[in-house]
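A quick write-up on the structure given underneath.
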Amino acid sequence: MKPKPYFSISVAAFVLASCQSKPAPETATADPAVPVITQTVSRSSSENQISISGNVEGNRTVKLGFLVAGKINYIAATEGQPVAAGKVLASLDPTSYRLGVDAATASVNQVQDEYNRLKLMHDRNSLSDADFAKVSNGLKQAQAQAGLQKKNLSDTKLYAPFSGVLLKKNTEIGEIVGSGMPLFIVSDIQKVKVNAAIPESELQRVKIGQSAQVYISALDSTFTGKVTEVGSAADATTRSFSVKIELRNPKLLIRPGMVAEVKLPSTQKTESLTLPAEAVLHDTDNSSYVFVADSQKKQAFKRRVSIGRLLDSTIEITSGLQPGELVITGGQQKIHDGSAVQLTNTQL
Numbered sequence: 006m007k008p009k010p011y012f013s014i015s016v017a018a019f020v021l022a023s024c025q026s027k028p029a030p031e032t033a034t035a036d037p038a039v040p041v042i043t044q045t046v047s048r049s050s051s052e053n054q055i056s057i058s059g060n061v062e063g064n065r066t067v068k069l070g071f072l073v074a075g076k077i078n079y080i081a082a083t084e085g086q087p088v089a090a091g092k093v094l095a096s097l098d099p100t101s102y103r104l105g106v107d108a109a110t111a112s113v114n115q116v117q118d119e120y121n122r123l124k125l126m127h128d129r130n131s132l133s134d135a136d137f138a139k140v141s142n143g144l145k146q147a148q149a150q151a152g153l154q155k156k157n158l159s160d161t162k163l164y165a166p167f168s169g170v171l172l173k174k175n176t177e178i179g180e181i182v183g184s185g186m187p188l189f190i191v192s193d194i195q196k197v198k199v200n201a202a203i204p205e206s207e208l209q210r211v212k213i214g215q216s217a218q219v220y221i222s223a224l225d226s227t228f229t230g231k232v233t234e235v236g237s238a239a240d241a242t243t244r245s246f247s248v249k250i251e252l253r254n255p256k257l258l259i260r261p262g263m264v265a266e267v268k269l270p271s272t273q274k275t276e277s278l279t280l281p282a283e284a285v286l287h288d289t290d291n292s293s294y295v296f297v298a299d300s301q302k303k304q305a306f307k308r309r310v311s312i313g314r315l316l317d318s319t320i321e322i323t324s325g326l327q328p329g330e331l332v333i334t335g336g337q338q339k340i341h342d343g344s345a346v347q348l349t350n351t352q353l
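The sequence shown stops at residue 353 when you use this note's numbering, and every number in between is there.
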């Protein structure tokens, strides 16, 4: 009696079960295309702009002191207050100088009496020319001494040479000061000047009379001025030239010592590739890139670029792109390298 084929039946059942339990292959589905806005890269001309920083100074600034020594008894203003031209700014105690004038005046009167008496004698030929010359010279000397004493008395008062602002006061009432000591600094700020330094490579682009935009951060304001001075000799250390820009200051808001940022437009224009600033993205290593759209493949590809100047709302692209390429300027945050895209709008 032959054995039954149990083994063959079991194998056949296992294979059939395996075929029935194997899942059907899934059909791959592509990511949906992302709507994006693109812009055609093209060259545009822009004006070169020179940016420099400087400090504000008064139109005229002087250091003032007394021509004579003495004790200060009056000061007209405190620091920051306006002073008027020709008005007394400060004065010294005049007592000693008044006494000097009185003594000199008495001496002149005495010599004058003697001169008058001897002149009558000289006119009558009773006095020699030599003796009369002595008294004449004595009178002139006494008169000169009296004039000097009057001048010293006048110099006890210090006058403002022009209208302006008292920037610095280096003394107080009651202090004894010497002649010639710089005690006050007065500056005319109806007009102010911004003193800045410009590199020698940019000097040829700056001309006297050229317009300039000056931003003063302390006031958060921008003022329009003009170049009034351009240095003729370079600084030996920095190899830069001094430039002064004049600004009108009718409200006296701009004060000497403030920091200013100066922008000088240039008549020279350059051709460059520019894109909207939002089109340029940055990696974690701070490298810059954009997404370039392939209109035939309907895909976006990441492209590293080098950037230059920021011009208003656009940024200069120095390398990485060619004119005529399509750069994604809207929707780029939703895509990655190789993403399918739908071009909804192309800006020229």
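Virtual Cβ for every residue (Gly too), placed ideally from N, Cα, C.
As the structure is a prediction and not an experimental result, all values here were calculated from the model.
In DSSP terms, what residue i is bridged to
i: P270; result: Q54
i: E62; result: K198
i: Y102; result: Note: Y102 sits in no beta bridge, so no partner.
i: T229; result: Q218
i: I333; result: T43
i: P192; result: A small correction: the amino acid at residue 192 is Ser; Pro does not occupy that position in the sequence shown. In the DSSP output, where bridge partners are listed per residue, S192 has T66 and V170.
Residue of the options minimising C-alpha distance to residue i
i: T349; options: Q338, H341, K198 and I333; result: I333
i: A241; options: T229, K339 and A202; result: A202
i: Q154; options: V73, G343, V285 and S56; result: V73
i: A354; options: H127, V170 and S112; result: Since the first residue shown for the chain is 6 and the last is 353, residue 354 is missing from the structure and cannot be characterised.
i: K303; options: I320, L331 and T279; result: L331
i: P204; options: A239, M186 and K174; result: A239
i: L188; options: G70, S96 and L326; result: G70
i: D225; options: L258, L252, F246 and S101; result: L258
i: S101; options: S300, K156 and I221; result: K156
i: S206; options: A223, K196 and T243; result: T243
i: L315; options: I178, V297 and A284; result: A284
Whole-Å CB distance - residue i paired with residue j, under 8 Å assumed
i: V267; j: S293; result: The pair is not a contact, with the Cβ atoms about 28 Å apart (cut-off 8 Å).
i: V248; j: G230; result: The Cβ separation is near 11 Å, so there is no contact.
i: D211; j: V235; result: Per the sequence shown, residue 211 should be read as Val rather than Asp. Rounded, the Cβ-Cβ distance is 6 Å, consistent with contact.
i: V93; j: A82; result: Not really, about 10 Å apart at Cβ, beyond 8 Å.
i: T176; j: V182; result: 6 Å
i: K68; j: I190; result: 5 Å
i: L144; j: Q117; result: 6 Å
Residue i versus residue j: straight-line alpha-carbon distance, rounded
i: V41; j: T323; result: 24 Å
i: G91; j: N64; result: 18 Å
i: A33; j: A345; result: Unreliable placement is indicated for A33, whose pLDDT of 44 sits below 50; the coordinate value is still reported in the next sentence. Roughly 15 Å between the two C-alpha positions.
i: S237; j: I213; result: 12 Å
i: S58; j: A265; result: 6 Å
i: S26; j: P37; result: Reliability fails at S26, whose pLDDT of 47 lies under 50, so the model's placement of it is uncertain and no value is given.
i: D342; j: P270; result: 40 Å
i: A282; j: I312; result: 10 Å
i: F306; j: Q54; result: 34 Å
i: K339; j: V39; result: 7 Å
i: T161; j: K76; result: 9 Å
i: R260; j: A108; result: 48 Å
i: N78; j: D98; result: 6 Å
i: L286; j: E321; result: 14 Å
i: A217; j: S277; result: 24 Å
i: L163; j: S184; result: 12 Å
i: N254; j: V197; result: 7 Å
Run of the alpha helix (DSSP H) containing residue i, from where it starts to where it stops
i: N142; result: D134 to S159
First and last residue of the uninterrupted beta strand (DSSP E) at residue i
i: L72; result: No beta strand (DSSP E) holds L72; DSSP gives it neither H nor E.
i: V46; result: Looking at the DSSP string, V46 is not in any beta strand (DSSP E), and its letter there is neither H nor E.
i: R308; result: Q304 to L316
Residue-level contact to chain B via CB, residue i, 9 Å cutoff
i: V199; result: No chain B appears in this structure, which consists of one protein chain only.
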